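The structure under discussion appears below in the form of structure tokens.
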Amino acid sequence: MATKQARALAIKLSRERRAGKSVPPPPKGRYSEKTRQRAKHDLEVGRAKKRRTRKRSSPG
């Protein structure tokens, strides 16, 4: 896989994890511990409760 494609895939997986989709972290051994920890953190961010933003426009 080309470097650009691999980087694009990693970014896509990170975004999906942060969006709350259940994409498991990479397996142990093939990827560095730092990469696996980052993926785990992204999963936790995606599963966390999200705050609702206040409406910027006031009624009336």
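One rule links them: number in the numbering used here = place in the sequence shown (from 1) + 55.
Glycine residues also receive a C-beta, built at the ideal position from the N, C-alpha and C atoms.
Note that the coordinates shown come from a computational prediction; the quantities given were computed from them, not determined experimentally.
In summary, residue 72 is buried, with 16 or more beta-carbon neighbours lying within 10 Å of its beta-carbon over all protein chains present. By the Cβ neighbour-count rule, residue 64 is exposed, with fewer than 16 other Cβ atoms within 10 Å of its own. Distance from the Cα of residue 93 is smallest, within the candidate group 108, 68, 110, for 68. Residue state for residue 95 is assigned as helix, using DSSP reduced to three classes. In this chain, the alpha helix (DSSP H) harbouring residue 65 covers 58-74. Non-local C-beta neighbours of residue 95 in its own chain, meaning closer than 8 Å and more than five positions away in sequence, comprise 80, ordered along the chain.
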